[in-house]
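First up is the structure itself, then whatever we jot down about it.
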Amino acid sequence: MTSKVDEALGYEQARDELIEVVRRLEAGGTTLEESLALWERGEELAKVCRRWLDGARARLDAALAEEEAEAGDGDSE
Numbered sequence: 353m354t355s356k357v358d359e360a361l362g363y364e365q366a367r368d369e370l371i372e373v374v375r376r377l378e379a380g381g382t383t384l385e386e387s388l389a390l391w392e393r394g395e396e397l398a399k400v401c402r403r404w405l406d407g408a409r410a411r412l413d414a415a416l417a418e419e420e421a422e423a424g425d426g427d428s429e
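Counting from 1 along the sequence shown, just add 352 to a position and that's the residue number in our numbering.
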């Protein structure tokens with residue numbers, strides 16, 4: 353479950369932290385427990401990023417639909 357702190361993260365903050373988590377995992381040298389904790393954190397950060405991207409997509413879709421509706425209204429005049 354995503355924490356309240358994660359909920360407050362902006363997209364760029366979550367993305368940057370996720371990049372750092374991936375870098376640390378790829379570099380190796382961590383214990384199994386540390387690797388699991390990093391992986392879990394990465395999953396949470398990915399969820400935060402996905403929510404931001406889904407929200408952005410919904411806003412774009414709504415704006416495009418509104419624009420199309422307005423264009424359609426103008427055609428009937």
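Yeah, the Cβ is synthetic: ideal placement off N, Cα and C, and Gly gets one too.
**Prompt:** In the structure shown, what three-state DSSP assignment does S355 receive?
**Reply:** As a position in the sequence shown, residue 355 is number 3, starting the count at 1. If DSSP states are grouped into helix, strand and coil, S355 belongs with coil.
**Request:** Give the straight-line distance between the Cα atoms of E422 and C401, rounded to the nearest whole angstrom.
**Result:** Reading the sequence shown from its first residue, position 70 is the one you call residue 422. Reading the sequence shown from its first residue, position 49 is the one you call residue 401. Answer to the nearest angstrom: the Cα atoms are 32 angstroms apart.
**Item:** Outcome for E359 when other beta-carbon atoms lying within 10 angstroms are tallied against a minimum of 16
**Value:** If you number the sequence shown from 1, residue 359 lands on position 7. Exposed, by the Cβ-count rule.
**Request:** Tell me where the alpha helix (DSSP H) around L377 begins and ends.
**Result:** By 1-based counting over the sequence shown, the position of residue 377 is 25. Y363 to A379 is the span of the alpha helix (DSSP H), which, as asked, contains L377.
**Distance between L370 and K399 (C-alpha atoms, nearest Å)** = Looking up residue 399 in the sequence shown gives position 47. Looking up residue 370 in the sequence shown gives position 18. Distance between the alpha carbons of K399 and L370 is about 10 angstroms.
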